[in-house]
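Here's the structure, in structure tokens; my notes come after.
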Amino acid sequence: MSIKNPSVSNPEPVEVVIAVTRFKDVLAPEAAGAGRGTDYTMELRRPHPRAVIKGNGIYVKRPGAVLRFTIASTGTDRQRYFPVGIAFVRDGNDHVSDEHRLGHPTFPQTQTRVEGCALQVDDRFPAETRTVRHKFSVAIQRGSDGRIGIIDPDIIHEND
Numbered sequence: 052m053s054i055k056n057p058s059v060s061n062p063e064p065v066e067v068v069i070a071v072t073r074f075k076d077v078l079a080p081e082a083a084g085a086g087r088g089t090d091y092t093m094e095l096r097r098p099h100p101r102a103v104i105k106g107n108g109i110y111v112k113r114p115g116a117v118l119r120f121t122i123a124s125t126g127t128d129r130q131r132y133f134p135v136g137i138a139f140v141r142d143g144n145d146h147v148s149d150e151h152r153l154g155h156p157t158f159p160q161t162q163t164r165v166e167g168c169a170l171q172v173d174d175r176f177p178a179e180t181r182t183v184r185h186k187f188s189v190a191i192q193r194g195s196d197g198r199i200g201i202i203d204p205d206i207i208h209e210n211d
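One gets the numbering used here by counting positions in the sequence shown from 1 and adding 51 to each.
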């Protein structure tokens, strides 16, 4: 069974491959002072008209798109990693509701799908007049031992 795309207007999801380059167990005692984020690279599986990756940011044009994240290992790391969840937080604008700050209207939790090494979210960026940045964290679990890591890039919504 494959993850189905809930979007009718843009049937092809933005396929993002996140490759773990150095896994960091967020629950390990030595992780407390050394930074908890897992090191990664991120790229589009193929070009997409709605999105581009620059550095650690995914730039998505309004009105958003379906985003499919596949968690992979690198050539030297043959581990398998599985996404277990995703969380969002909107940068700036302290005068919004908790739901808006946590990205619920833009990334409806009911549309999030996890299957194997892939996680899919429906990005419903509203037609705002300015650029909006969301930090997001993908929680991943290493298959060989069940340890938990965090991957922490950005999604930047741009107007056309």
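Glycine included, C-beta positions come from ideal geometry on N, C-alpha and C. Predicted, not measured: the structure shown is a model, and the values here were computed from it.
- Distance from the CA of isoleucine 109 to the CA of isoleucine 207, rounded to the nearest whole angstrom, comes to 6 Å.
- Remark: C-beta atoms of phenylalanine 139 and valine 189 do not approach each other more closely than 8 Å.
- Taking each of Gly143, Thr92, Pro100 in turn and checking the Cα distance to lysine 112, the smallest one comes out for Pro100.
- Assignment of beta-bridge partners to glycine 88 by DSSP yields Ile201.
- Apart from sequence neighbours up to five positions away, the residues of its chain that approach proline 134 with a beta-carbon distance below 6 Å are Ile122, Val165, Leu170, Val189, Ile191, ordered along the chain.
- For glutamate 150, the enclosing alpha helix (DSSP H) covers residues 149-152.
- About 14 Å separates the beta carbons of valine 77 and tyrosine 91, which is beyond the 8 Å limit, so they are not a contact pair.
- In this structure, phenylalanine 74 sits near glutamine 130, with a CB-CB distance shorter than 8 Å.
- Taking threonine 125 as the centre and dropping the five residues before and after it, the same chain places the C-beta of Ala70, Val71, Thr72, Thr92 closer than 8 Å to its C-beta, in chain order.
- Its chain contains Val71, Phe74, Ile122, Ala123, Ser124, Cys168, Ile191, Gln192, Arg193, Gly194, Gly200 as the residues whose beta carbon lies nearer than 8 Å to that of tyrosine 132, once the 5 sequence neighbours on both sides are disregarded; these appear in chain order.
- Taking arginine 181 as reference, the option from Gly143, Asp173, Phe187 with the minimal CA-CA separation is Gly143.
- Looking only at Leu95, Pro98, Arg96, Ala79, the smallest Cα-Cα distance to threonine 89 is reached by Ala79.
- In this structure, phenylalanine 187 lies away from threonine 157, with their beta-carbon atoms at least 8 Å apart.
- Listed in chain order, the non-local C-beta contacts of histidine 185 below 6 Å within the same chain comprise Phe139, Arg141, Gly154, Ile206, local neighbours out to five positions each way being set aside.
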